[in-house]
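Presented below is the structure to which this report refers.
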Amino acid sequence: MDKKDIIKKIEELRIKNNAIILAHNYQIPEVQDIADFVGDSLDLSIKATKTKSDYVIFCGVDFMAESAKILNPKKKVIHPDIKAKCPMAAMVDAESLNYLKKDHPNAKVVSYINTTSSVKAVSDICCTSANGAKVVKSLRVKDVIFVPDRNLGLYIQRSIKDKNMVLWPGICPIHHNIKKEEILELKEKHPKAEVLVHPECQPEVIDIADYVFSTNGMVDYARESDVEEFIIGTEKDLCYRLKKENPGKTFYPLKSAVCPNMKKITLEKILNSLKTLEPKVKLPDEIMKKAGLPLQRMMEVGRGD
Ligand code: 13P
Ligand code: SF4
60 MDKKDIIKKI
70 EELRIKNNAI
80 ILAHNYQIPE
90 VQDIADFVGD
100 SLDLSIKATK
110 TKSDYVIFCG
120 VDFMAESAKI
130 LNPKKKVIHP
140 DIKAKCPMAA
150 MVDAESLNYL
160 KKDHPNAKVV
170 SYINTTSSVK
180 AVSDICCTSA
190 NGAKVVKSLR
200 VKDVIFVPDR
210 NLGLYIQRSI
220 KDKNMVLWPG
230 ICPIHHNIKK
240 EEILELKEKH
250 PKAEVLVHPE
260 CQPEVIDIAD
270 YVFSTNGMVD
280 YARESDVEEF
290 IIGTEKDLCY
300 RLKKENPGKT
310 FYPLKSAVCP
320 NMKKITLEKI
330 LNSLKTLEPK
340 VKLPDEIMKK
350 AGLPLQRMME
360 VGRGD
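Going left to right, the sequence shown walks through residues 60 to 364 as the working numbering numbers them.
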């Protein structure tokens, strides 16, 4: 089947099945193009709770599809490739986190949404890159255990001085690998460009950025700003959305910033999911209940950028 026929079939089946297609900002361009909604982790979670569709086809990595399911226990959430997993989410497990909790009995646990549902189930509240500092500030305790992204934790710490934050040593391999030299080289070639980076980047990259945003934060800022050129310090396919929504502006991606797991979802796999209505996200009831609480608490805090 050629691409045109696949897209036509996807259109037919999405209507027939009353399905909505949600896609993260890092999805490949052709998946972004056919999605009903493209967004960051927080926006996609919010969208999943608002939809009236029977099926949510979630184009992103595992923890995002799981969060959509946990927030909508009655909906059928389909993840077109269950092998699309976030390696950072695998860097902390519930058992090890429980050991750390014993060492800090008065601490609240904030887990980044990039975690497994078992880790969420033993956490007090979740956050995304769009509301990390707001979530930590909302806690009425001094000690906070933050898992798993150390770089995001260090970034949050910059604006919060009255908490003791215990940081887990996890990282996003893609953002941690972004080199300040690569950005400085681009900046030398394009001196008028503003540097926008994601808070999963290392502190030395944060230090040379003009602004630090979640992926949707970058989309909103680029739209509102009078600046016409931007160096984008996050996964490179965010630039596809940025360019599509701002045709008159120029976005310089970091060519090495590619999340291979985000590229596993293809049009063919989406079509297959719409035909078979599989693979559905399935989680044990107990985990669904326990992981739902920290996610709900995060939703009550809302966006912070
Ligand atoms: P956003 O929530 O900013 O989209 O980030 C998700 C993510 O996985 C970043 O690597
Ligand atoms: Fe996970 Fe990093 Fe990929 Fe985001 S970019 S999904 S944090 S590996």
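Each residue gets a CB set at the ideal place from its N, CA and C atoms; glycine is no exception. All values derive from a computational prediction rather than experimental measurement.
Checking 7 Å against the spacing of the C-beta atoms, do serine 126 and isoleucine 172 come in under that value?
yes
Paired residues, beta bridge with serine 170 - DSSP:
Cys185, Val206
Endpoints, alpha helix (DSSP H) assigned at glutamate 154:
153 to 162
Whole runs of the alpha helix (DSSP H) within the region 81 to 151, excluding any shorter than 4 residues
88 to 93, 100 to 109, 121 to 130
Got a sec? Which residues, its chain only, sit under 7 Å from arginine 300 by beta carbon, not counting five neighbours each side?
Asn84, Gln91, Val97, Val278
Using only the alpha-carbon positions, how far apart do glycine 276 and proline 139 sit?
27 Å
Opposing strand residues paired with asparagine 223 [DSSP bridges]
Asp202
Between the C-alpha atoms of aspartate 113 and lysine 348, what's the straight-line distance to the nearest angstrom?
21 Å
Please classify valine 181 as buried or exposed, where buried requires at least 16 neighbouring CB atoms within 10 angstroms.
buried
Relative to the C-alpha of threonine 187, which candidate in Met321, Thr325, Phe272 has its C-alpha closest?
Phe272
Proximity winner among Tyr311, Glu89, Ser284, relative to valine 250 (alpha-carbon distances)
Before going further, note that residue 250 is proline rather than valine in the sequence given. Here the closest residue by C-alpha is Tyr311.
DSSP-derived helix/strand/coil call for threonine 325
coil
Contact set, the ligand SF4 heavy atom to C-beta under 7 Å:
Tyr85, Val120, Cys145, Pro146, Met147, Ala148, Asn173, Cys231, Pro232, Ile233, His234, Glu259, Glu294, Cys318, Asn320, Met321
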